[in-house]
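**Student:** Pasting a structure here, questions to come.
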Amino acid sequence: MFLRISKSVRVLAVACCLAAIAAASFRSAHAGATPSGKHKVYISVDMEGVAGTVTADQLGPTGFEYERFRRFMTNEALAAVQAAKHAGATEIVVSDSHGNGENLLIELFPADVKIVRSWPRHGSMMAGLDASFDAALFVGYHASTTNPHGVRAHTFSSAHLAKVALNGDAVTEGEFNAAYAGAFGVPVIFASGDDVAMAELKSRLGNLETVETKIALGFHSAETLTPEASSNRIQAGAEAAFARLHDFKPYVVKPPITLEVTFKNYTPAEMLTYLRVVERVDSHTIRFVGKDMAEVSDFIDFVDTYSADMTP
61 MFLRISKSVR
71 VLAVACCLAA
81 IAAASFRSAH
91 AGATPSGKHK
101 VYISVDMEGV
111 AGTVTADQLG
121 PTGFEYERFR
131 RFMTNEALAA
141 VQAAKHAGAT
151 EIVVSDSHGN
161 GENLLIELFP
171 ADVKIVRSWP
181 RHGSMMAGLD
191 ASFDAALFVG
201 YHASTTNPHG
211 VRAHTFSSAH
221 LAKVALNGDA
231 VTEGEFNAAY
241 AGAFGVPVIF
251 ASGDDVAMAE
261 LKSRLGNLET
271 VETKIALGFH
281 SAETLTPEAS
291 SNRIQAGAEA
301 AFARLHDFKP
311 YVVKPPITLE
321 VTFKNYTPAE
331 MLTYLRVVER
341 VDSHTIRFVG
351 KDMAEVSDFI
361 DFVDTYSADM
371 TP
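The letter at position 125 of the sequence shown is residue 185 when you use the numbering used here, and the numbering goes up by one with no holes.
In structure tokens:
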């Protein structure tokens, strides 16, 4: 007599085996990594790369779909959290890195997860990360402003910036943030977002694990996974990343670091050269040389955030 096993049971068994392998690999790779024995994971979460996101209708509080998409964004972040926990992570920090930095539904996260919220903050999309972390993951990321393809493609500010470059090479937010993490010796092991964004990241960072949440059809259009399918794939992809953690190396940009920022308008480039540490490269572009990624990150945050009428 043969025992008939349902497809769902087989899938569950495979998933459990993968999770066990990932956990064993993660613990083995980090045995004795810190005096406390803690294994720390950092998850930076944006929104443009979340499944279904295509226009401002989903991306901000005034959009009619925003409240639903806050939940979808949260669920994709939670999928990465669960993967980290299955891999043996004992400390997880999740960075709300979209818009006002107050998008994630924090009450839905496990009690032992810490959330980084709102702005300004040193480290920007990677605030709170330091050398004690073992790995970083990017969820909901998008392509760069210099890419002619990709859903809602931009670099840090879709309103103000036309290009951001490090040591002469235009970068994506993902590459910039990976360089920030790399300065602390922390590798980026996983990313999710549209197909264009993932191809762009792989071309810069190497063969990291990625999940395509949608296929870009235009700046405001895509063929997308459903939210449930996207979250499931993110958890599986992140678990696969943890299972081969030893394959990943920190992405390091050699200091001193030359930052070039191209604005969409003339005046910012003109006024910033009133600061003697800033050089004007052309009508729209300025150059700043920082001693490390932390200084470069602070500079670009200041440039894009400062306003004389700020209150309080």
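Backbone N, C-alpha and C define an ideal beta-carbon position, used for all residues, glycine too. If you're wondering where the values come from, they're calculated on a predicted model, not measured in any experiment.
1. Tell me the DSSP secondary structure of residue 226 in three-state form.
2. Does DSSP put residue 94 in a helix, in a strand, or in coil?
3. Take the Cβ of residue 63 as the centre, count every other Cβ of all protein chains shown within 10 Å, and call the residue buried at 16 or more, exposed below.
4. Here's a check: name, in chain order, each residue in its chain whose Cβ is nearer than 7 angstroms to the Cβ of residue 156, leaving out the five neighbours to either side.
5. Which whole-angstrom value is the C-beta distance of residue 328 and residue 132, which I expect to be below 8 angstroms?
6. When you compare only the Cα positions, how much space is there between residue 243 and residue 313?
7. Spatial neighbours of residue 228 within its chain, please: C-beta separation below 8 angstroms, excluding the five flanking residues on both sides.
8. When DSSP labels each residue in this structure, what does residue 378 get in the three-state scheme?
9. How would you call residue 210, buried or exposed, if buried means at least 16 neighbouring beta carbons within 10 angstroms?
10. Taking residue 285 and residue 111 to be in contact with their CB atoms under 8 angstroms, please state how far apart those CB atoms are, rounded to whole angstroms.
11. Buried or exposed: which applies to residue 92, given that a residue is buried once 16 or more other Cβ atoms fall within 10 Å of its Cβ?
12. Quick check: the Cα distance between residue 325 and residue 365, rounded to an integer number of angstroms?
13. Determine the direct distance from the alpha carbon of residue 359 to that of residue 337, and round the result to whole angstroms.
14. With DSSP collapsed to three states, give me the class of residue 254.
15. What does a CB cutoff of less than 6 angstroms around residue 144 pick up in its chain, not counting 5 residues either side in sequence?
**Tutor:** Working from what's here:
1. Stepping through the sequence shown from its first residue, residue 226 is reached at position 166. Here residue 226 sits in strand by DSSP.
2. Within the sequence shown, numbered from 1, the residue matching residue 94 stands at position 34. Unreliable positioning characterises residue 94 in this predicted model, as indicated by a pLDDT of 41, which lies under 50. The coordinate reading is nonetheless provided below. The answer is coil: DSSP assigns residue 94 none of H, G, I, E or B.
3. In the sequence shown, the residue the question calls residue 63 occupies position 3. Any answer about residue 63 is weak, because its pLDDT of 37 lies below 50 and its placement is not dependable; what the coordinates show is given next. Exposed, by the Cβ-count rule.
4. As a position in the sequence shown, residue 156 is number 96, starting the count at 1. In its chain, beyond the 5 residues on either side, 105, 162, 163, 164, 175, 176 and 177 have a beta carbon closer than 7 angstroms to the beta carbon of residue 156.
5. The sequence position of residue 328 within the sequence shown is 268, counting from 1. The sequence position of residue 132 within the sequence shown is 72, counting from 1. With a Cβ gap of about 34 angstroms, residue 328 and residue 132 do not count as contacting.
6. As a working mapping, residue 243 is identified with position 183 in the sequence shown. As a working mapping, residue 313 is identified with position 253 in the sequence shown. In this structure, the straight-line span from the alpha carbon of residue 243 to that of residue 313 is close to 8 angstroms.
7. Translated into the one-based positions of the sequence shown, residue 228 becomes position 168. Taken in chain order, the residues that qualify are 318 and 320.
8. Shown here, the chain extends from 61 to 372; a query on residue 378 therefore has no answer.
9. The residue labelled residue 210 in the question sits at position 150 within the sequence shown. The residue is buried, with at least 16 neighbouring Cβ atoms inside 10 Å.
10. As a first step, residue 285 must be located in the sequence shown, where it is residue number 225. As a first step, residue 111 must be located in the sequence shown, where it is residue number 51. The pair is a contact, with the Cβ atoms about 5 angstroms apart (cut-off 8 angstroms).
11. What you label residue 92 is simply residue 32 of the sequence shown in a count that begins at 1. Because the pLDDT of residue 92 is 41, which lies under 50, any placement of that residue in the model is unreliable, and the question is left without a value.
12. By 1-based counting over the sequence shown, the position of residue 325 is 265. By 1-based counting over the sequence shown, the position of residue 365 is 305. Distance between the alpha carbons of residue 325 and residue 365: 15 angstroms.
13. Here the question's residue 337 lines up with position 277 in the sequence shown. Here the question's residue 359 lines up with position 299 in the sequence shown. Rounded to whole angstroms, residue 337 to residue 359 spans 11 angstroms at the Cα level.
14. For this step, residue 254 is matched to residue 194 along the sequence shown. DSSP places residue 254 in strand when its eight states are reduced to three.
15. Sequence index remark: in the sequence shown, residue 144 carries index 84 (1-based). Once the five neighbours on either side are set aside, the close Cβ partners of residue 144 are 101 and 152.
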